[in-house]
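Quick note on numbering: the sequence shown equals residues 300 to 449 in our numbering. Following: one structure in structure tokens, then a few remarks.
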Amino acid sequence: MAWFGRKKSVDPEKIQPGLALVPQLEGPGFILRATSAPAGFKSRSLATVAEIRFELGAGWFHQDDLQRFFDRKNSIAESWNGSDTELFLCMVSGVAKGSMADKALSAQAGLPADSAVLLRPAIDGLEIVLLLDSLQLERISVWLQAVPKL
């Protein structure tokens, strides 16, 4: 009967070894830290995520999604399932014309093309909760490289 035993879900509070050693990154208006979150079928495994905390809330981004964003393979990254807040990280230059993100950015004239914004849903579309300039993006990219792949 042991072959058919039920595998238990992982404890969501359990942090993968090595992630606790990665120092958190603090910037103007945000804190990033590496942690783990339940993943997979019935949450039986853990995945590495970057948790971003800001004045209005917090959210998680999967490590691989963020890496594709910072490698410029994707111009937008969406927060991960189970995130406290639904968030979108997008490059100002990569926003499609007429999209909900474009409408949110049009309210902020003159944003540098090499910057990124963190957006969250609002009553009338999306709202900007954080602006990241090119220096902050570079700091986050370097920090992300230090997060071990587990």
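C-beta atoms are modelled at their ideal positions from N, C-alpha and C, and glycine is treated no differently. Model, not experiment: these values are computed from the prediction.
Neighbourhood of residue i by C-beta distance below 8 Å, restricted to the same chain and skipping five residues each side
{"i": "phenylalanine 369", "result": "Leu436, Ile439, Ser440, Leu443"}
{"i": "lysine 448", "result": "Thr347, Gln362"}
{"i": "alanine 395", "result": "Asp401"}
{"i": "tryptophan 302", "result": "Because tryptophan 302 sits at a pLDDT of 48, beneath the cut-off of 50, its placement in the model cannot be relied upon, and the following sentence gives the value as read from the coordinates. Contacts found: none."}
Nonlocal neighbours in the same chain, by C-beta distance under 7 Å from residue i, ignoring five residues either side
{"i": "phenylalanine 329", "result": "Ile351, Arg352, Phe353, Leu429"}
{"i": "histidine 361", "result": "Ala346, Val348, Trp379"}
{"i": "leucine 365", "result": "Ala349, Ala376, Leu443"}
{"i": "alanine 333", "result": "Leu318, Val321, Thr347, Ala349, Val446"}
{"i": "arginine 367", "result": "Asn373"}
Beta-carbon separation (whole angstroms), residue i vs residue j, contact threshold 8 Å
{"i": "proline 455", "j": "aspartate 432", "result": "Here the chain comprises residues numbered 300 to 449, so residue 455 is not present and cannot be evaluated."}
{"i": "alanine 445", "j": "valine 321", "result": "6 Å"}
{"i": "glycine 393", "j": "serine 405", "result": "Their Cβ separation, rounded to whole angstroms, is 15 Å, which puts glycine 393 and serine 405 out of contact at 8 Å."}
{"i": "isoleucine 427", "j": "alanine 403", "result": "6 Å"}
Residue environment, residue i, which counts as buried when at least 16 other CB atoms sit within 10 Å
{"i": "glutamine 323", "result": "exposed"}
{"i": "leucine 355", "result": "exposed"}
{"i": "glycine 397", "result": "exposed"}
{"i": "serine 335", "result": "buried"}
{"i": "aspartate 371", "result": "Just to set this straight, residue 371 is arginine in the shown sequence, not aspartate. Answer is exposed; the Cβ neighbour count stays below 16."}
{"i": "leucine 434", "result": "exposed"}
{"i": "alanine 400", "result": "buried"}
Contacts around residue i, its chain only, beta-carbon distance under 6 Å, and the 5 residues preceding and following it disregarded
{"i": "glutamate 325", "result": "none"}
Taking three-plus beta-carbon pairs below 8 Å as touching, is the stretch 386–394 in contact with the stretch 409–419?
-> Yes, since at least three Cβ pairs between the stretch 386–394 and the stretch 409–419 fall closer than 8 Å, the two stretches touch.
Start-end ranges of the alpha helix (DSSP H) lying completely within the stretch 346–410, minimum 4 residues = If only complete runs of 4 or more residues are kept, the stretch 346–410 shows the alpha helix (DSSP H) at 362–369, 399–405, in order along the chain.
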